[in-house]
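Colleague:
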């Protein structure tokens with residue numbers, strides 16, 4: 001038996017590690033705020049890409065232990081509170097998506113960018129369908145699917161850029177996991 | 001040595017992970033059901049969060065506004081000569097219109113004085129900037145950086161330089177939410193010019209809101225102008241809204257003058273329904289023009305006799321009343 005190590009990390013190092021571990025969650029919150037910044041108005045289009053969905057997908061596929069279900073729920077809830085839609089809509093959608101992506105984690109283990117992107121396209125489609133279905137039930141009428149589809153297309157198109165950024169955050173995290 | 005190479009792969013879904021996942025899904029469903037039944041608490045929570053997030057959103061919207069200005073500037077630069085030529089022509093046309101308008105304004109003031117028209121109180125407004133986008137495909141609301149501290153309250157109409165955008169649906173200390181005309185929940189009473197037909201402009205999350213409760217054979221045709229009717233007292237009458245268009249299946253819808261993709265600076269109108277306007281009795285008699293007196297080109301001089309009801313005086317006093325009430 002190996003003797004147990006007596007010298008642990010200093011409190012400061014431990015705090016630093018803890019701060020690093022919350023980084024994915026902070027990235028998720030940042031993504032929610034980014035959704036509300038009227039970026040589309042620069043070029044005159046009316047879409048708010050679902051940035052938070054990218055974050056939820058990325059961390060669920062790569063390192064779910066750094067982005068636990070309650071963090072996903074909190075990110076969704078913040079988006080619900082900031083938007084005027086049904087409260088719980090995005091919280092529900094993101095948590096379900098998180099669960100579904102986690103069951104398929106082995107597919108993404110190889111980290112092939114194209115696989116990751118295709119996976120995201122399918123996930124986005126599922127997320128759009130869930131959100132659209134729940135919102136339609138909530139408002140008790142069939143909502144026009146056009147805006148959701150447009151949002152999905154833009155979100156999927158922008159995903160590679162954000163995946164690169166997330167990968168960089170993941171690299172910062174790597175030593176502390 | 002064991003843990004160096006035979007560390008078990010992380011389970012796809014750990015038990016605790018699965019439990020918390022199920023718990024979170026249940027919580028989200030519970031929130032959805034609760035939110036459907038009880039809106040007050042959630043609306044309050046939402047307003048608090050929006051208020052807290054306002055500084056962050058404001059920070060984020062600044063570079064966006066700068067970027068948009070840059071793009072617009074570049075666009076304008078490309079067309080500067082054509083635009084200049086067009087504006088010159090338009091200016092020439094407008095100058096003749098200005099002459100006509102001035103004459104009509106003078107005549108209207110006389111008629112109003114004669115008929116003792118109750119004028120609308122002047123409307124105060126505050127100008128703010130849109131700092132938050134809709135944030136999702138199911139709602140059409142914006143966040144504006146104005147709140148109670150600027151006198152912004154629920155129900156007030158919001159316009160941009162082109163026309164009506166929507167109305168305030170909730171307001172906090174620093175930030176408020178605008179419900180756009182296109183939102184599912186937006187209903188605005190409107191009048192369609194020139195037939196003076198009344199209808200309700202009803203959003204359905206598409207780009208063009210519907211015209212509802214329009215009687216059959218109303219004579220409304222594509223191209224007619226839509227303005228607010230002021231019914232219900234929330235919005236001042238006569239705000240420009242848009243133009244009637246017809247969809248392929250024959251529905252009448254409205255193309256709004258305001259462009260939601262270009263919203264930046266907006267005005268919140270602090271209109272109060274004129275309920276406490278002082279009573280104005282009609283003049284007891286309309287006297288015939290007396291030649292030599294007043295000398296108003298032989299027009300009836302009722303306006304002169306009831307000096308207190310002359311155009312500018314009425315405007316002044318009513319504006320004062322409106323302002324005091326706010």
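Residue numbers (my numbering), protein chains in the order written: chain A, 1 to 177; chain B, 1 to 326.
From the three backbone atoms N, C-alpha and C, an ideal C-beta is built for every residue, glycine too.
#1: Quick test of the definition: if touching needs 3 or more C-beta pairs under 8 Å, does the segment 50-61 of chain B touch the segment 129-137 of chain B?
#2: Assign residue 91 of chain B to buried or exposed, taking buried as 16 or more other Cβ atoms, counted over all protein chains shown, within 10 Å of its Cβ.
#3: Please report the residue range of the alpha helix (DSSP H) in which residue 63 of chain A lies.
#4: Got a sec: which bits of the segment 49-73 of chain B sit with their beta carbon under 8 Å from any beta carbon on chain A, in order along the chain?
#5: Would you say residue 268 of chain B touches the ligand SAM, meaning its beta carbon is less than 7 Å from a heavy atom?
#6: So what does residue 225 of chain B bridge to, in DSSP terms?
#7: Within 8 Å of any Cβ in chain B, is that where the Cβ of residue 181 of chain A sits?
#8: Can you give the beta carbon distance from residue 228 of chain B to residue 211 of chain B, rounded, assuming they're within the 8 Å contact cut?
#9: Using 10 angstroms around the beta-carbon of residue 183 of chain B, count the other beta-carbons present and answer buried if the total reaches 16, otherwise exposed.
#10: Can you say whether residue 305 of chain B is buried or exposed, counting buried as having 16 or more other CB atoms within 10 angstroms of its CB?
#11: Using only the alpha-carbon positions, how far apart do residue 17 of chain B and residue 38 of chain A sit?
#12: Since residue 71 of chain A contacts residue 31 of chain B with CB under 8 Å, what's their CB separation in whole angstroms?
#13: Does chain A have any CB closer than 8 Å to the CB of residue 141 of chain B?
#14: Can you check DSSP and say which residues form a bridge with residue 125 of chain B?
#15: Is residue 16 of chain A helix, strand or coil when you go by DSSP?
#16: Give the residues of chain A in contact with residue 24 of chain B, contact being defined as C-beta atoms less than 8 Å apart.
#17: Between which two residues does the beta strand (DSSP E) carrying residue 44 of chain B extend?
#18: Which two residues bound the contiguous beta strand (DSSP E) that contains residue 176 of chain B?
#19: Taking buried to mean at least 16 other C-beta atoms within 10 Å of its own C-beta, is residue 164 of chain A buried or exposed?
#20: For residue 77 of chain B, count the other beta carbons within 10 Å of its own beta carbon; 16 or more makes it buried, fewer makes it exposed. Which is it?
#21: Under a Cβ-count criterion, where at least 16 other Cβ atoms within 10 Å of its own Cβ denotes burial, should residue 82 of chain B be classed as buried or exposed?
#22: Counting along the chain, where does the alpha helix (DSSP H) carrying residue 102 of chain A start and finish?
#23: Does the distance from the C-beta atom of residue 160 of chain B to that of residue 27 of chain B stay below 8 Å?
#24: Output the distance between the C-alpha atoms of residue 54 of chain A and residue 45 of chain B, rounded to the nearest integer angstrom.
#25: In the DSSP output, what is residue 171 of chain B paired with across the bridge?
#26: Count the other CB atoms, across all protein chains shown, that sit within 10 Å of the CB of residue 24 of chain B; report buried if there are 16 or more and exposed otherwise.
#27: Report the option in A:138, A:154 and A:117 whose CA atom is closest to the CA atom of residue 185 of chain B.
#28: Report yes or no: do three or more beta-carbon pairs, one from the segment 146-158 of chain B and one from the segment 198-210 of chain B, lie closer than 8 Å?
#29: Looking at the unbroken alpha helix (DSSP H) that takes in residue 151 of chain A, where does it start and where does it end?
#30: For the segment 52-64 of chain A, which residues have a CB atom closer than 8 Å to at least one CB atom of chain B, in sequence order?
#31: Under the three-state reduction of DSSP, which class applies to residue 51 of chain A: helix, strand or coil?
#32: Between residue 99 of chain A and chain B, is any beta-carbon pair separated by less than 8 Å?
#33: Would you list the residues sitting across from residue 202 of chain B in a DSSP beta bridge?
#34: List the residues that DSSP assigns as beta-bridge partners of residue 252 of chain B.
#35: Is it buried or exposed for residue 15 of chain B, if we count other Cβ within 10 angstroms and need 16 for buried?
#36: Smallest Cα separation from residue 119 of chain A: which of A:132, A:133 and A:100?
Modeller: Straight from the coordinates:
#1: Between the segment 50-61 of chain B and the segment 129-137 of chain B there are three or more C-beta pairs closer than 8 Å, enough to call the two in contact.
#2: Exposed, because fewer than 16 other Cβ atoms sit within 10 Å of the Cβ of residue 91 of chain B.
#3: Careful: residue 63 of chain A lies outside any alpha helix (DSSP H) and carries neither H nor E.
#4: Those would be 49, 50, 53, 56, 57, 60, 61, 64, 67, 68 and 71, in chain order.
#5: For the ligand SAM, the structure offers nothing, since it holds no ligand at all.
#6: The partner list for residue 225 of chain B (beta bridge, DSSP) reads B:193 and B:243.
#7: As displayed, chain A neither begins before 1 nor continues past 177, which places residue 181 of chain A out of reach and without an answer.
#8: Residue 228 of chain B to residue 211 of chain B, Cβ: 13 Å. No contact.
#9: Its Cβ being crowded by 16 or more others within 10 Å, residue 183 of chain B is buried.
#10: Confidence at residue 305 of chain B is low in this model, with a pLDDT of 40, below 50, so its placement is unreliable and the value that follows should be read with caution. Residue 305 of chain B should be labelled buried.
#11: Answer to the nearest angstrom: the Cα atoms are 35 Å apart.
#12: Residue 71 of chain A to residue 31 of chain B, Cβ: 16 Å. No contact.
#13: The Cβ of residue 141 of chain B sits closer than 8 Å to at least one Cβ of chain A.
#14: Note: residue 125 of chain B is bridge-paired with B:269 in the DSSP secondary-structure output.
#15: Here DSSP, grouped into helix, strand and coil, assigns residue 16 of chain A to helix.
#16: Within chain A, the residues near residue 24 of chain B are 69, 70, 72, 73, 91 and 95.
#17: Under the DSSP assignment, residue 44 of chain B falls outside any beta strand (DSSP E), being part of the alpha helix (DSSP H) whose first and last residues are 40-78.
#18: Per DSSP, the continuous beta strand (DSSP E) segment holding residue 176 of chain B begins and ends at 176-180.
#19: Under the 10 Å beta carbon count, residue 164 of chain A is surrounded by fewer than 16 other beta carbons and is classified as exposed.
#20: Exposed: under 16 other Cβ atoms inside 10 Å.
#21: Its Cβ having fewer than 16 others within 10 Å, residue 82 of chain B is exposed.
#22: That run of the alpha helix (DSSP H) goes 89-103.
#23: No.
#24: Counting only the Cα atoms, residue 45 of chain B lies some 26 Å from residue 54 of chain A.
#25: DSSP lists B:176 as the beta-bridge partner residues of residue 171 of chain B.
#26: When all chains shown are included, residue 24 of chain B counts as buried.
#27: In terms of Cα proximity to residue 185 of chain B, the closest of A:138, A:154 and A:117 is A:138.
#28: Not touching, per the Cβ criterion.
#29: For residue 151 of chain A, the enclosing alpha helix (DSSP H) begins and ends at 146-173.
#30: Within the segment 52-64 of chain A, the residues whose Cβ lies closer than 8 Å to some Cβ of chain B are 64, listed in chain order.
#31: Three-state result, residue 51 of chain A: helix.
#32: So yes, residue 99 of chain A belongs to the interface.
#33: Looking at the DSSP output, residue 202 of chain B bridges to B:187 and B:210.
#34: In DSSP, residue 252 of chain B forms a bridge with B:246.
#35: Its Cβ having fewer than 16 others within 10 Å, residue 15 of chain B is exposed.
#36: Ranking the options by Cα distance to residue 119 of chain A, first place goes to A:100.
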